[in-house]
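In the working numbering, the protein residues as written are 46 to 178.
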Amino acid sequence: MKQAYSEMLQGCVQNPNERIWYAVWYIELKNSPRNIVGDFCFKGLNADGTVEIGYGLYDGCCGHGYMTEALEAVCKWAVLQPRVKRIEAETAPENNASQRVLFRVGFMPTGAIGERGSAVCFFEYTKQLNRIQ
């Protein structure tokens, strides 16, 4: 986690006009200001229009639909940005809750690599599949 935050900070410093694609965004409940339940971040926008998203909920905040609502909103926003062609996400194969969120939002599986303990499942959300017209 420390390395991920370091990379995001470095991305913000090196690309100040692109910092939206490197910043951490907090998920706050509408009816309960300052009640932060989780966060998400993009991991830089590549030249080919691909951006990876990472996300997580804090202890005690799972199972309420917060991440599904937040991820759906941010993905709809992201694909409306002219340079974004695809959003990628990865999760551990045993993280069924994360995979359910991705499916609900409209991500499609694209494969998996690795062995148990280091395995990763990949998903993508594309303009072609989910673009709002």
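Note that beta-carbon positions come from the ideal geometry of N, C-alpha and C, so glycine has one too.
Taking contact to mean 3 or more Cβ pairs, one atom from each stretch, closer than 8 Å, check whether the segment 71-84 and the segment 51-60 are in contact. No, the segment 71-84 is not in contact with the segment 51-60.
Would you mind stating whether Phe152 and Glu169 have Cβ atoms separated by less than 8 Å? A contact, by the Cβ cut-off of 8 Å.
Tell me the start and end of each unbroken beta strand (DSSP E) in the segment 128-156 that is at least 3 residues and wholly inside, in chain order. Within the segment 128-156, the complete beta strand (DSSP E) runs of at least 3 residues fall at 131-136.
Per the DSSP calculation, Tyr170 is bridged to which residue(s)? According to DSSP, Tyr170 bridges with Ile132.
Straight-line CA distance for Thr113 to Arg149? In this model, Thr113 and Arg149 are separated by some 7 Å (Cα to Cα).
Measure the Cβ-Cβ separation of Cys86 and Ala142 and say whether it is below 8 Å. Taking 8 Å as the cut-off, the Cβ atoms of Cys86 and Ala142 do not count as close.
Report the residue from Gly156, Tyr111, Tyr103 and Ala115 whose alpha carbon sits nearest the alpha carbon of Glu133. Here the closest residue by C-alpha is Gly156.
Taking DSSP's pairing of strands, which residues face Val96 in a bridge? DSSP, once it has assigned bridges, lists Leu90 and Ile132 as partnering Val96.
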